[in-house]
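Here is the structure we will look at.
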Amino acid sequence: MSDPLLSLRELTVTYGSRRRGGAVRAVNQVSIDIARGETVALVGESGSGKSSIGNSIVGLAPLSAGTIVLDGQEIASATRRVDKPSVSRQVQMVFQDPYGSLNPTRTIEQSLIEPMVVHRSLSRKKMRETVRSMLTDVGLSPEAATRYPTHFSGGQRQRIALARALMIEPDLIICDEAVSALDVSVQAQVLNLLARLQHARGLAYLFISHDLAVVRLLADRIVVLYRGQIMESGPTAGFVSQPCHPYTRVLLAAAPVPDPAYQRERRRLRNVAARSEEPNAVAPGSGCPFAGRCMYAVDQCRRERPQLRPRGDSLVACHRVDDLPEFPMSL
Ligand code: SF4
């Protein structure tokens with residue numbers, strides 16, 4: 005990869021105070037690069053740390069260790085907090101609930117002009133034209149500008165939130181569960197829109213989701229997180245054809261397949277992981293965080309934290325990656 009647009013190095017995010025005994029490490033030494041124009045997906049269940057990573061990039065979660073480098077400049081470390089206004093010029097977020105960025109008492113035009121007032125020096129007339137042109141770009145009528153958020157469906161509101169994020173021409177958009185609340189057909193429309201906008205504008209996406217089936221439609225690379233650590237990362241095609249890590253397999257097994265024999269085997273994988281011990285059976289940092297739910301765990305897994313090691317085009321953190329059976333496929 006040429007110089008990445010965004011580089012996260014050994015990123016660690018801790019909430020609460022260690023002195024008061026209430027510290028929770030949400031992200032543990034995570035390193036990820038994102039190139040210009042690339043889509044990297046962060047996937048994991050609730051509590052995996054994926055939103056904490058997104059929040060740390062825009063300054064909503066402070067780092068306790070590691071660094072964030074954006075376009076060659078260090079923007080955050082344990083001793084340096086993100087300067088939100090300057091980072092927001094290059095990085096914008098779109099959330100699951102578009103109401104987070106759309107004030108229900110303001111027209112769409114007012115909401116879309118706001119980021120331009122802060123970041124772009126355009127005349128009022130030019131801003132109004134830009135709003136209408138952007139609404140067309142995201143598949144809405146220019147007349148939408150004079151209406152309020154309550155006049156739109158969930159999918160339309162997500163298009164408006166995306167338009168708002170695009171108003172200052174960022175390089176990277178962090179989509180945090182941005183399509184999770186939409187029904188399947190609307191999800192597909194918004195994913196197609198994201199792909200079209202990326203192609204036209206050279207945007208990079210950090211696409212945060214709990215759903216591997218959704219991200220594989222959009223992502224160039226996938227990073228799977230469990231309890232704040234990377235379990236597996238690599239090109240999307242490899243995840244779909246042969247997922248290596250036992251946790252990735254559990255996530256993929258949630259997607260139904262037409263072959264009943266494969267479907268039975270996948271259900272068994274999911275059920276074993278769901279029944280197994282929770283919370284984690286090992287102390288943080290001392291073993292594999294997935295050991296308490298893994299059907300392949302051995303003593304070594306509880307003693308030693310597995311490091312990310314290359315396997316084909318992917319990186320996988322699992323002591324037993326060479327011993328695992330084939331994943332039941334037939335997608
Ligand atoms: S290291 Fe052990 S517990 Fe962790 S995923 Fe691999 S086999 Fe399972």
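Quick note: the sequence shown uses the numbering used here, first residue 5, plus one each step.
Using N, Cα and C, we set each Cβ at its ideal position, and we do this for glycine too.
Item	Value
Taking LEU166 as the reference, which of GLN77, ALA182, ARG132, TYR152 has the closest Cα?	ALA182
Name the two residues that bound the continuous alpha helix (DSSP H) containing PHE243.	240-245
Using a Cβ-Cβ distance cut-off of 9 Å, determine whether GLY26 contacts chain C.	In the structure shown, chain C does not exist; there is a single protein chain.
Using a 10 Å radius around the Cβ and a threshold of 16 neighbouring Cβ atoms, would you call HIS3 buried or exposed?	Look at the range of the chain in this structure, 5 to 335, and you will see that residue 3 is not part of it.
Contact check, LEU67 vs THR16 under 8 Å by CB: the rounded distance?	7 Å
According to DSSP, is GLN96 helix, strand or coil?	strand
Alpha carbon to alpha carbon, how far is ASP87 from GLY76? Give it in angstroms, no decimals.	15 Å
Three-state secondary structure (DSSP) at CYS298?	coil
Please state whether the Cβ-Cβ distance between GLY48 and VAL228 is less than 9 Å.	yes
Counting only runs that start and end within the stretch 81-145, where is the alpha helix (DSSP H) found for 4 or more residues in a row?	88-92, 112-123, 128-141
Would you report the Cα separation of ILE234 and THR240, rounded to the nearest angstrom?	15 Å
Quick one: give me the first and last residue of the alpha helix (DSSP H) that GLY58 is part of.	54-61
As a quick exercise: from ILE178, VAL320, TYR251, pick the residue whose alpha carbon is nearest that of ILE212.	ILE178
Relative to the ligand SF4, is the shortest distance from any of its heavy atoms to the C-beta of ALA69 smaller than 8 Å?	no
Given 8 Å as the limit, is there contact between the stretch 107-127 and the stretch 201-215, that is, 3 or more CB pairs closer than that?	no
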